[in-house]
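**Q**
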Amino acid sequence: MSVTTPQGFRAAGVPAGLKSTGAPDVAVVVNDGPLSAAAAVFTSNRCKANPVLWSAEAIKTGAARAVVINSGGANCYTGPDGFALTHRTAELAAERLGVGAVEVQVCSTGLIGLLNDSDALLGGVGNAIDGLSDDGGHAAATAIMTTDTVAKEFVTRAEDFGDSGWTIGGMAKGAGMLAPALATMLVVITTDAVLDSETADEALRAATALTFDRLDSDGCQSTNDTVLLMASGASGVAPDPAAFGAALHGVCRDLALQLLADAEGADHEIAITVVNAASDADAVEVGRSVARSNLFKCAIFGKDPNWGRILASVGTTQAAFDPADLDVALNDVWVCRSSGPGESPDGVDLTDRAVTVTIDLKQPDDCTATVWTNDLTQAYVHENSAYSS
Numbered sequence: 259m260s261v262t263t264p265q266g267f268r269a270a271g272v273p274a275g276l277k278s279t280g281a282p283d284v285a286v287v288v289n290d291g292p293l294s295a296a297a298a299v300f301t302s303n304r305c306k307a308n309p310v311l312w313s314a315e316a317i318k319t320g321a322a323r324a325v326v327i328n329s330g331g332a333n334c335y336t337g338p339d340g341f342a343l344t345h346r347t348a349e350l351a352a353e354r355l356g357v358g359a360v361e362v363q364v365c366s367t368g369l370i371g372l373l374n375d376s377d378a379l380l381g382g383v384g385n386a387i388d389g390l391s392d393d394g395g396h397a398a399a400t401a402i403m404t405t406d407t408v409a410k411e412f413v414t415r416a417e418d419f420g421d422s423g424w425t426i427g428g429m430a431k432g433a434g435m436l437a438p439a440l441a442t443m444l445v446v447i448t449t450d451a452v453l454d455s456e457t458a459d460e461a462l463r464a465a466t467a468l469t470f471d472r473l474d475s476d477g478c479q480s481t482n483d484t485v486l487l488m489a490s491g492a493s494g495v496a497p498d499p500a501a502f503g504a505a506l507h508g509v510c511r512d513l514a515l516q517l518l519a520d521a522e523g524a525d526h527e528i529a530i531t532v533v534n535a536a537s538d539a540d541a542v543e544v545g546r547s548v549a550r551s552n553l554f555k556c557a558i559f560g561k562d563p564n565w566g567r568i569l570a571s572v573g574t575t576q577a578a579f580d581p582a583d584l585d586v587a588l589n590d591v592w593v594c595r596s597s598g599p600g601e602s603p604d605g606v607d608l609t610d611r612a613v614t615v616t617i618d619l620k621q622p623d624d625c626t627a628t629v630w631t632n633d634l635t636q637a638y639v640h641e642n643s644a645y646s647s
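Numbering-wise, the sequence shown is residues 259 to 647 according to this note's numbering.
Dropping the structure here:
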């Protein structure tokens, strides 16, 4: 169950010495073809890391034969030497694989302002390429972890969506700075379906808009976010577009929820669903506002069904609603009716990790959106107060 489950892909993950722990920290995923169609979505943060600057230009060709990923240092704000190292990384991988440097995507994750040791990184890239195998997906997923506690992987098949003959696999990392657009995450998705780059790009953007872009752990946006889709065409099967789109959405959604489940220090995963909104944009804006309320997140951590904090957050948005006529449910208990007390909050059990919030804006347009977040805990504060030391 990995990025090497689809035909035409090999991967590896190795320790290169970038992490002080000696854990694996360099991963390579290679598309052996016959096709090299690819698409990618990157952070919208204006402060972008060197690998994002490189990869965003390289992906304009619509092709990728490989991706090199390191954990341990983000290679962001590391000056000209940082971009040069990204370029050298792509060139080394290209030379060893017999492809063009522009066909190599590069990703990094870790501390901003840290220039990775050149010899260690490039040595790790060489060792990873030497170790490429068709069952190396899990090793690659492990090597890209930073504060993650588990590797995130998922596979789905065409048969699950009424089609046949192709497979999609994915891996992701991320456990903090999870916020639209995208998160502090790196995601590699592979498929053996026959796709062109335009189709891949359209499907990927549609899937990420409803999954990764609606994940909002802590309201912080990374400089390094990358979601990459590579298609080998090794199955020889051109997928039904609707089936492939649904399958890709499923992979992105599952990986997004794995990221949420591993959010730094979290005790609860919270799904905030806004219903009967005047538009999808209104529904997302309201859900995101609640997801970013530290008061609300602290209340959930304390198992306190304080629905007033939810209404206060809704009121900060520009969405269409009547402030005097809002309904709110916590774990299906409608604690607020018509912007006043509803069912007793004593009936809300917040013991389990999974929490649902439903906000009814009572507009006639019936638009709905879900935003995912987590609670705010002492463990999150502790981990992020000592991250660089």
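We treat Cβ as the ideally placed atom computed from N, Cα and C, and that holds for glycine.
(1) Between the region 282-292 and the region 305-315, are three or more C-beta pairs nearer than 8 Å?
(2) How close, in whole Å, do the beta carbons of residue 540 and residue 578 come, if the pair is a contact with beta carbons under 8 Å?
(3) Assign residue 458 to one of two classes, buried (16 or more other C-beta atoms within 10 Å of its C-beta) or exposed (fewer than that).
(4) Of all the options 614, 513, 641, which has the alpha carbon lying nearest to the alpha carbon of residue 431?
(5) Give the DSSP-derived three-state secondary structure of residue 559 in the structure shown.
(6) Would you mind sorting residue 576 into buried or exposed? The rule is 16 or more other CB atoms within 10 Å of its CB.
(7) Span of the beta strand (DSSP E) holding residue 222?
(8) Can you tell me whether DSSP reads residue 516 as helix, strand or coil?
(9) Mind checking which residues open and close the beta strand (DSSP E) that includes residue 314?
(10) Is the CB-CB distance between residue 349 and residue 323 below 8 Å?
(11) At 3 residues or longer, what runs of the beta strand (DSSP E) sit wholly inside the region 321-403?
(12) For residue 318, is the classification buried or exposed, using 16 other Cβ atoms within 10 angstroms of its Cβ as the cut-off for buried?
(13) From residue 543 to residue 300, what does the alpha carbon distance come to, in whole angstroms?
(14) Taking 8 Å as the cut-off, decide whether the C-beta atoms of residue 595 and residue 585 are in contact.
(15) Among the candidates 394, 504, 592, 556, whose CA atom is the shortest distance from the CA of residue 421?
(16) Suppose you measure from the CA of residue 640 to the CA of residue 354; what does that come to, to the nearest Å?
(17) According to DSSP, simplified to helix, strand and coil, what is residue 412?
(18) Determine the DSSP secondary structure at residue 592, reduced to helix, strand or coil.
(19) Give me the Cα-Cα distance between residue 509 and residue 455, rounded to the nearest whole angstrom.
(20) Exposed or buried, what is residue 611 when buried is set at 16 or more other beta-carbons lying within 10 Å of its beta-carbon?
(21) Take residue 437 and list the residues in its own chain whose beta-carbon comes closer than 6 Å to its own, dropping the five residues that flank it on each side.
(22) Would you mind working out which of 444, 507, 383 sits nearest residue 284, comparing C-alpha positions?
(23) Tell me residue 618's beta-bridge partners as DSSP assigns them.
(24) Do residue 275 and residue 378 have their C-beta atoms within less than 8 Å of each other?
(25) Cutting at 7 Å between CB atoms, please list the residues of its own chain near residue 463, excluding the five before and the five after it.
(26) For the alpha helix (DSSP H) that contains residue 630, what are its first and last residues?
(27) For the alpha helix (DSSP H) that contains residue 546, what are its first and last residues?
(28) On the DSSP bridge list, what partners appear for residue 300?
(29) Among 449, 465, 303, 587, which one has its Cα closest to the Cα of residue 494?
(30) Taking residue 315 as the reference, which of 552, 339, 345 has the closest Cα?
(31) Does DSSP put residue 456 in a helix, a strand or coil?
(32) Using 7 Å as the cut-off, classify the Cβ of residue 593 as near or not near the heavy atoms of the ligand MG, replying yes or no.
(33) Helix, strand or coil: which one does DSSP assign to residue 603?
(34) Can you tell me where the alpha helix (DSSP H) with residue 639 in it begins and where it stops?
(35) So if DSSP puts residue 426 in a beta bridge, which residue, or which two residues, is it bridged to?
(36) Looking only at its chain, what residues have a beta carbon closer than 6 Å to the beta carbon of residue 529, apart from the 5 residues adjacent to it on each side?
**A** Checking against the coordinates, here is how it stands:
(1) No: fewer than three Cβ pairs fall under 8 Å.
(2) 6 Å
(3) buried
(4) Selection 614, 513, 641 evaluated against residue 431 yields 513 as nearest (Cα-Cα).
(5) helix
(6) Its Cβ having fewer than 16 others within 10 Å, residue 576 is exposed.
(7) This structure cannot settle anything about residue 222, because the visible part of the chain is limited to 259 through 647.
(8) helix
(9) From DSSP, residue 314 is part of no beta strand (DSSP E) but of the alpha helix (DSSP H) over 308-316.
(10) no
(11) Look at the region 321-403 and you find these whole runs of beta strand (DSSP E), each 3 residues long or longer: 324-331, 362-369.
(12) Using a 10 angstroms sphere on the CB of residue 318, the tally of other CB atoms stays under 16, which defines it as exposed.
(13) 21 Å
(14) yes
(15) 504
(16) 42 Å
(17) strand
(18) strand
(19) 19 Å
(20) Per the 10 Å Cβ criterion, exposed.
(21) Per-residue confidence for residue 437 stands at a pLDDT of 45, beneath the threshold of 50, marking its modelled position as unreliable; the derived number appears in the next sentence. Cβ within range, chain order: 474, 477, 478, 479.
(22) 383
(23) In the DSSP output, where bridge partners are listed per residue, residue 618 has 533, 585.
(24) yes
(25) Cβ-Cβ distances below 7 Å link residue 463 to 299 in the same chain, with the five nearest sequence neighbours on each side left out; the list follows chain order.
(26) DSSP places residue 630 outside any alpha helix (DSSP H); the residue lies instead in the beta strand (DSSP E), whose first and last residues are 625-632.
(27) 538-549
(28) 484
(29) 449
(30) Answer by Cα proximity: 345.
(31) DSSP, read as helix, strand or coil, puts residue 456 in helix.
(32) In terms of ligand content, the structure shown is empty, and the ligand MG therefore cannot be addressed.
(33) helix
(34) 636-643
(35) 414, 449
(36) 614, 628, 630
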